């Protein structure tokens, strides 16, 4: 009799504790097209959740200029992925503001209705990649884990986790997850002159990189597809700025080109991002001037 009462008390206690514990699996809203992985603290415990993003800043693939080859390659790889065909993890590297992140969001716009989903993960949370893979393992959708501006210093926790995912660890990630990452660093890690001093050459004249260089290259080499982006020429910059200016309803007047070039000079960069920012500024000012004149 005493044992039965004790069991009842334990059951009531467990029921109360269950109410306090966070519901992780049941809270995922799978109707969203994109998610953000976040770690939260609850009663002294840390756990990861997939937060749905219902208002996604999608990008039309046609709006991305001066990257036709890169765009074709990434869209083709993504189409292979959503159709269940072999596809590669992708590393997009190069100059800032040239459309790397926008191109990944363009993939979501192109293939969301075919089951593509995007999971944005901060570099600090890459150590949770195995947990993310397990969370989506039984889902019918195809998920791209997107990490923007990726770079590592030696000893960071997410480095080994990313290598394990890209290489294929004992815990399989299944066939519904790929990693798309952008970086301004070709090998994702800082490259120093002193690393090259330890390189050696054998008796046949073949160069053997130092172990430090080999380690730095080993992560980026695990991405099956590399796409490189380059700074815009003046002509390319103006073409992108003109396209965005028309998109925002601005007019191309006699002083438009001069101001577009001055804007880029002040920012110290001719890139798609700067062209977009100029177009917003120009179109907004022109609309405001028109309203004041009337």
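Numbering (full-length UniProt numbering), first residue to last: 1 to 294.
Glycine included, every Cβ here is placed at the ideal spot set by N, Cα and C.
Model, not experiment: these values are computed from the prediction.
What distance in whole Å lies between the Cβ atoms of residue j and residue i, which are believed to be in contact at a cut-off of 8 Å?
i	j	result
residue 279	residue 237	With a Cβ gap of about 11 Å, residue 279 and residue 237 do not count as contacting.
residue 99	residue 248	With 8 Å as the limit, residue 99 and residue 248 do not qualify as a contact, their Cβ atoms being about 18 Å apart.
residue 180	residue 104	5 Å
residue 53	residue 102	Wrong, their Cβ atoms sit about 16 Å apart, outside the cutoff.
residue 245	residue 282	6 Å
residue 96	residue 184	6 Å
residue 227	residue 74	6 Å
residue 149	residue 182	6 Å
residue 128	residue 256	47 Å between Cβ atoms; not a contact.
residue 35	residue 119	5 Å
Under DSSP, the beta strand (DSSP E) around residue i begins and ends at which residues?
i	result
residue 108	Looking at the DSSP string, residue 108 is not in any beta strand (DSSP E); the run it does join, the alpha helix (DSSP H), is 100-111.
residue 240	Premise fails: residue 240 lies in the alpha helix (DSSP H), 234-247, not in any beta strand (DSSP E).
residue 79	That residue, residue 79, is in no beta strand (DSSP E); its alpha helix (DSSP H) goes 68-82.
residue 144	142-147
Considering only residues of the same chain and omitting the five flanking positions on each side of residue i, which have a CB-CB separation below 8 Å?
i	result
residue 27	49
residue 291	none
residue 66	98, 99, 232, 236, 239, 240 and 272
residue 252	242, 245 and 246
residue 57	105
Within the same chain, show all residues whose beta-carbon is closer than 7 Å to that of residue i, passing over the 5 residues directly before and after it, in chain order.
i	result
residue 177	133, 136, 143 and 145
residue 24	In this prediction, residue 24 scores a pLDDT of 49, lower than 50, which makes its location untrustworthy; no coordinate-derived value is stated.
residue 59	102, 105, 106 and 109
residue 166	89, 179, 222 and 223
residue 260	238, 241 and 278
residue 77	87, 88, 90 and 225
residue 71	61, 64 and 103
residue 275	237, 240, 241 and 244
residue 295	Absent from the structure is residue 295, since the part of the chain shown begins at 1 and ends at 294.
residue 250	279, 282, 283 and 286
Considering just the uninterrupted stretch of the alpha helix (DSSP H) at residue i, what are its terminal residues?
i	result
residue 285	272-293
residue 223	Residue 223 -> no alpha helix (DSSP H), and no H or E assigned at all.
residue 96	Careful: residue 96 lies outside any alpha helix (DSSP H) and carries neither H nor E.
residue 124	Run containing residue 124: none; DSSP gives neither H nor E here.
residue 265	256-267
Provide the residue(s) that pair with residue i in DSSP beta bridges, ordered along the chain.
i	result
residue 52	35
residue 183	93
residue 150	Paired residue(s): none; residue 150 is not in a bridge.
residue 58	Looking at the DSSP assignment, residue 58 forms no beta bridge with any residue, so it has no partner.
residue 166	Partner(s): none; residue 166 has no beta bridge.
residue 47	40
residue 118	34 and 144
residue 177	143
Leaving aside the five residues before and after residue i along the sequence, list all residues of the same chain whose C-beta is less than 6 Å from its C-beta, in chain order.
i	result
residue 196	Below a pLDDT of 50, predicted positions are generally treated as unreliable, and residue 196, at 48, falls in that range; no measurement from the model is reported.
residue 112	33
residue 114	82
residue 11	none
residue 170	For residue 170, the pLDDT reaches just 41, beneath the cut-off of 50, and the residue's location in the model is therefore unreliable, leaving the point undetermined.
residue 29	52
residue 141	115 and 117
Would you say the stretch 80-94 touches the stretch 265-275, given that touching needs at least three Cβ pairs under 8 Å? The stretch 80-94 vs the stretch 265-275: no contact.
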